[in-house]
Amino acid sequence: MRVVRSIADLRAILRPLRAEGKRVGFVPTMGFLHEGHGALIRQSAARCDVTVVSIFVNPTQFGPSEDLANYPRDLERDQNLCLETGATVLFLPEVAEIYPTGFQTHVEPGRLAQTLCGRYRPGHFRGVATVVAKLFSIVQPDLAFFGQKDFQQTVVIRRMARDLNLPVDVVVVPTVREADGLALSSRNAYLDEEARRRAATLSQGLLAAQAAFDAGERQSSKLVKAARALMTGADSIQYLELVDAQTMEPFKGPVDRTVALCVAAYVGSTRLIDNVLLVPSPNLAGQNSSQSA
Ligand code: PAF
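See the structure below:
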């Protein structure tokens, strides 16, 4: 695995490979990698000839009162996970490499970025869209892999890739969970054992709603209620909403299309997000768990 820190070095590695017709996969991350990232890297390694992983804690997607300074880091462990899971190039740019002095051009996503997390984290998706557009332009991947845990992010990025005619397939990989349902997240590192147990009630609520849906329940309000009833470990729930999985707009009434049940909640001072997709027709299930743009 090659480790590079500059855009010029990365391009010098990728140029000849692309000229040979190699398929380039890309997994953008903010580091402190876990098996959820491992699943993205493995998929990329299985489907592409070259897999580039970037680790860049992107300052523009953090609000002023968010955890940028304390964001967990462990480069040695990350490098090992990248190696074990099949990454071929690890890109580790400094902030000045991505945002040099004078930087002033941003990607502003539209309505998709204004609901759910967008309501509570103003500017967050602008920061995500900007850095992902830049990374796509630097790496020029054929396929890019993102986790479904950040469902709204995947929808915003896929729209951005279409709107800006970026020649990349955005692949969404199902959320990896612990045995008790807790979605893997770098932020789980902030949880002590008791908080971790309480955090698992979020996914248990979502999975209960999914079970009710699978058993035939279609009333939005009942599905949300079934989820909320189990989320007893959260100190506060920022949102628990059913949204249309394409528009990200709130969805009410009987579920007649693919919807996402999404939650953001605090356990102690740690903000966690998770979601499940509810897909009315079994024929659509495959498309929605691992889809390409
Ligand atoms: O999901 C993440 O880790 C980040 O939002 C991403 C996509 C790497 C952009 O900084």
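In our numbering, the protein residues as written are 1 to 293. Each residue gets a CB set at the ideal place from its N, CA and C atoms; glycine is no exception.
Where residue i falls, given that 16 or more other Cβ within 10 Å makes a residue buried
i, result
"Gln43", "buried"
"Phe103", "exposed"
"Thr130", "buried"
"Ala96", "exposed"
"Ala8", "exposed"
"Met248", "buried"
"Thr29", "buried"
"Arg121", "buried"
"Ala183", "buried"
"Pro93", "buried"
"Asn188", "buried"
"Ala105", "Going by the sequence as given, residue 105 is Thr instead of Ala. The residue is exposed, with fewer than 16 neighbouring Cβ atoms inside 10 Å."
"Lys318", "Since the first residue shown for the chain is 1 and the last is 293, residue 318 is missing from the structure and cannot be characterised."
"Ala12", "exposed"
"Gly286", "The predicted position of Gly286 is uncertain, since its pLDDT is 43 and thus under 50; a value taken from the coordinates is nonetheless stated next. Exposed, by the Cβ-count rule."
"Asn58", "buried"
"Leu116", "buried"
"Gly110", "exposed"
"Leu135", "buried"
"Ser292", "Caution is warranted here: a pLDDT of 40 is assigned to Ser292, below 50, making its placement in the model unreliable, and no coordinate value can be reported."
Separation of residue j from residue i, as counted between CA atoms
i, j, result
"Ser290", "Val171", "Confidence is the limiting factor: at Ser290 the pLDDT is only 42, short of 50, which leaves the residue's position unreliable, though a coordinate-based value still follows. Their backbone Cα atoms lie some 6 Å apart in a straight line."
"His34", "Glu84", "12 Å"
"Ser203", "Gly181", "6 Å"
"Ala304", "Gly63", "Lying outside 1 to 293, the shown extent of the chain, residue 304 is not represented and no answer is given."
"Thr270", "Asp169", "32 Å"
"Pro141", "Ala226", "41 Å"
"Ser220", "Lys252", "6 Å"
"Ala212", "Ala195", "26 Å"
"Asn309", "Leu240", "This structure gives no information on residue 309, because the portion of the chain shown stretches from 1 to 293."
"Glu108", "Ala144", "20 Å"
"Thr201", "Pro16", "49 Å"
"Val156", "Phe146", "12 Å"
"Leu40", "Thr232", "31 Å"
"Arg228", "Val243", "16 Å"
"Tyr190", "Met160", "31 Å"
"Val276", "Val263", "9 Å"
"Pro167", "Ser137", "10 Å"
"Gly38", "Ala179", "17 Å"
"Gln61", "Gly123", "7 Å"
"Pro174", "Tyr99", "31 Å"
"Val308", "Ser185", "Because the chain is modelled from 1 through 293, residue 308 falls outside the range shown and cannot be assessed."
"Leu278", "Leu90", "35 Å"
"Phe26", "Val3", "14 Å"
"Ala113", "Val128", "10 Å"
"Glu76", "Phe32", "10 Å"
"Leu284", "Ser6", "The predicted position of Leu284 is uncertain, since its pLDDT is 47 and thus under 50; a value taken from the coordinates is nonetheless stated next. Taking the straight line joining both Cα atoms gives about 42 Å."
"Leu14", "Leu230", "48 Å"
"Ser236", "Arg197", "15 Å"
Residues sharing a beta bridge with residue i, DSSP
i, result
"Gly25", "Thr51 and Leu143"
"Ala39", "Beta-bridge pairing links Ala39 to no other residue."
"Arg177", "Ala183"
"Val95", "Partner(s): none; Val95 has no beta bridge."
"Leu90", "Val3 and Val53"
Span of the beta strand (DSSP E) around residue i
i, result
"Arg271", "Thr270 to Leu278"
"Leu240", "Ser236 to Asp244"
"Arg2", "Arg2 to Val4"
"Val171", "Asp169 to Val173"
"Ala264", "Val259 to Val267"
Range of the contiguous alpha helix (DSSP H) that encloses residue i
i, result
"Phe251", "Neither: Phe251 is in no alpha helix (DSSP H) and is coded neither H nor E."
"Tyr190", "No alpha helix (DSSP H) contains Tyr190, which DSSP labels as neither H nor E."
"Ala229", "Ser220 to Leu230"
"Leu112", "Leu112 -> no alpha helix (DSSP H), and no H or E assigned at all."
"Leu75", "Leu75 to Thr85"
"Val155", "Phe151 to Asp163"
"Ala69", "Unbroken run through Ala69: none, as it is neither H nor E."
"Ala8", "Ile7 to Ala19"
"Arg119", "Cys117 to Tyr120"
Residue i: CB within 7 Å of a non-hydrogen atom of ligand 3
i, result
"Asp78", "Although ligand 3 was asked about, the structure shown includes only ligand 1 as ligands."
Taking 8 Å as the cut-off, does the region 45-55 touch the region 20-36 (at least 3 CB pairs, one atom from each stretch)? Per the Cβ contact rule, the region 20-36 is in contact with the region 45-55 (3 or more Cβ pairs under 8 Å).
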